[in-house]
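Student: Have a look at this one before I ask anything.
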Amino acid sequence: MPFPDSPPRVPDGTRIYAVGDIHGRADLLGAILAEIERDLTRNPCDDVVEIFLGDYIDRGGHSRAVIDMLREDPSHDGERICLKGNHEDMLLEFLEDPEVLILWMQNGGQPTLSSYGITPPAEVSAKTVNQVRDQLSEALGPQRAFLSGLATSHVEGDYLFVHAGIRPGVSLEAQEPEDLMWIREPFLSFDGPLPHCVVHGHTPVEQPEIRPFRIDIDTGAVMSGVLTCLVLEEETRRFLSTG
Numbered sequence: 033m034p035f036p037d038s039p040p041r042v043p044d045g046t047r048i049y050a051v052g053d054i055h056g057r058a059d060l061l062g063a064i065l066a067e068i069e070r071d072l073t074r075n076p077c078d079d080v081v082e083i084f085l086g087d088y089i090d091r092g093g094h095s096r097a098v099i100d101m102l103r104e105d106p107s108h109d110g111e112r113i114c115l116k117g118n119h120e121d122m123l124l125e126f127l128e129d130p131e132v133l134i135l136w137m138q139n140g141g142q143p144t145l146s147s148y149g150i151t152p153p154a155e156v157s158a159k160t161v162n163q164v165r166d167q168l169s170e171a172l173g174p175q176r177a178f179l180s181g182l183a184t185s186h187v188e189g190d191y192l193f194v195h196a197g198i199r200p201g202v203s204l205e206a207q208e209p210e211d212l213m214w215i216r217e218p219f220l221s222f223d224g225p226l227p228h229c230v231v232h233g234h235t236p237v238e239q240p241e242i243r244p245f246r247i248d249i250d251t252g253a254v255m256s257g258v259l260t261c262l263v264l265e266e267e268t269r270r271f272l273s274t275g
């Protein structure tokens, strides 16, 4: 009996490692990757998919290093999928529209600029903002193509992976990218049913929040020191974490 009348499951033989918001904590990313590697040593699997849910940058001090780490090939023979969060969206929007700088800085963008060796302007003007944009565009190098190429959703079996959530009542094909990266309500309060069980981040929680049709794994790593990884295999769920 298919979901939602039976528990959601991933394809047979596949194991999913889904990781929540990192926000510049390269140390925690390294720690959770080591946890995944140890888990695979203890419990081998031939078909492995890592899925990172976005918000790799901002707030924490090592955004550039996080992106470098995510661009590397995984330690296993499986696949690594990186989705776009609202913070990556703001960075990319700034590169196209300098007026986005203030919004981005208000949402933790300053540490990201610093990680690329760029000093945020003390005084915001058209000249200084354009200078920062040009400096960032040059500093990003091949990372810009990586960020621009991030998808906003991914499906594995009965699970849908997005950064923030979905708009209830709208098919996946018709979802607005802005909702997938930014939405909170009415998604968080919606009790279902939904066509998929949605695995998301974006809204920090003290511990993973498991609801019938969604799982929130943003455990506020930048402040809490706890980066969470949801492990899915057939109908089972379990967690790895750095805390």
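Okay, so the sequence shown: first residue is 33 according to the working numbering, each after it adds one.
Glycine included, every Cβ here is placed at the ideal spot set by N, Cα and C.
(1) Rounded to the nearest angstrom, what separates P36 and R57 at their Cα positions?
(2) Taking only three categories from DSSP, how would you classify I215?
(3) Would you tell me roughly how many angstroms separate the C-alpha atoms of A50 and V132, rounded to the nearest one?
(4) Tell me, to the nearest whole angstrom, how far the beta carbon of P39 is from that of E267; I am working on the premise that it is less than 8 Å.
(5) For A154, count the other beta carbons within 10 Å of its own beta carbon; 16 or more makes it buried, fewer makes it exposed. Which is it?
(6) In terms of residues, what are the limits of the alpha helix (DSSP H) holding A171?
(7) Considering only residues of the same chain and omitting the five flanking positions on each side of S169, which have a CB-CB separation below 8 Å?
(8) How big is the Cα-Cα spacing for D248 and Q207?
(9) Please return the same chain residues whose Cβ sits closer than 7 Å to the Cβ of C77, not counting the five positions on each side in sequence.
(10) On a Cα-Cα basis, can you pick out the residue from D53, K159, P225 and Q163 that is closest to L145?
(11) Find the nearest neighbour of Q167 within the set G201, S157 and P152, judged by alpha-carbon distance.
(12) Look at the alpha carbon of V202 and the alpha carbon of D211, and state the distance between them as a whole number of angstroms.
(13) Looking only at its own chain, which residues have a Cβ that is under 7 Å from the Cβ of D250, when we skip the five neighbours before and after it?
(14) How long is the line joining the alpha carbons of P130 and R165, rounded to whole angstroms?
(15) Quick check: the segment 214-223 against the segment 63-76, are there 3 or more CB pairs under 8 Å?
(16) Taking just the CA atoms, how far does V80 sit from D109?
(17) Starting from L272 and walking both ways along the beta strand (DSSP E), at which residues does that stretch end?
(18) In terms of residues, what are the limits of the alpha helix (DSSP H) holding L264?
Tutor: In brief:
(1) Counting from one through the sequence shown, the residue named residue 36 turns up at place 4. Counting from one through the sequence shown, the residue named residue 57 turns up at place 25. Distance between the alpha carbons of P36 and R57 is about 36 Å.
(2) Your numbering for residue 215 matches position 183 in the sequence shown. Here I215 sits in coil by DSSP.
(3) Residue 50 sits at position 18 when you count from the first residue of the sequence shown. Residue 132 sits at position 100 when you count from the first residue of the sequence shown. Cα-Cα distance, rounded: 30 Å.
(4) Walking along the sequence shown from the start, residue 39 turns up at place 7. Walking along the sequence shown from the start, residue 267 turns up at place 235. Confirmed, about 5 Å.
(5) On the sequence shown, residue 154 is found 122 positions in, with the first residue counted as 1. Exposed is the call here.
(6) Along the sequence shown, one-based indexing puts residue 171 at 139. Run containing A171: A158 to L172, per the alpha helix (DSSP H) assignment.
(7) Translated into the one-based positions of the sequence shown, residue 169 becomes position 137. Taken in chain order, the residues that qualify are L127 and R176.
(8) As a working note, residue 248 is residue 216 in the sequence shown. As a working note, residue 207 is residue 175 in the sequence shown. The straight-line gap from Cα to Cα measures roughly 19 Å.
(9) On the sequence shown, residue 77 is found 45 positions in, with the first residue counted as 1. R47, listed in sequence order.
(10) Residue numbering aside, residue 145 sits at position 113 when the sequence shown is read from its first letter. For the options D53, K159, P225 and Q163, the alpha carbon positioned closest to that of L145 is the one of Q163.
(11) Start at 1 with the first residue of the sequence shown, and residue 167 comes out as number 135. Cα-wise, what sits closest to Q167 is P152.
(12) Against the sequence shown, residue 202 aligns to sequence position 170. Against the sequence shown, residue 211 aligns to sequence position 179. The alpha-carbon atoms of V202 and D211 are separated by roughly 11 Å.
(13) As a first step, residue 250 must be located in the sequence shown, where it is residue number 218. Here the set comprises G52, D53, G233, H234, T235, P236 and V237.
(14) As a first step, residue 130 is located in the sequence shown; it is residue number 98 there, counting from the start. As a first step, residue 165 is located in the sequence shown; it is residue number 133 there, counting from the start. Straight-line Cα distance between these residues: approximately 7 Å.
(15) no
(16) Mapped onto the sequence shown, residue 109 falls at position 77. Mapped onto the sequence shown, residue 80 falls at position 48. If you take the alpha carbons of D109 and V80, they lie about 7 Å apart.
(17) Here residue 272 corresponds to residue number 240 of the sequence shown, with the count starting at 1. Element bounds for L272: T268 to S273.
(18) In the sequence shown, residue 264 corresponds to position 232, counting from 1. No alpha helix (DSSP H) holds L264; the beta strand (DSSP E) holding it covers T260 to E265.
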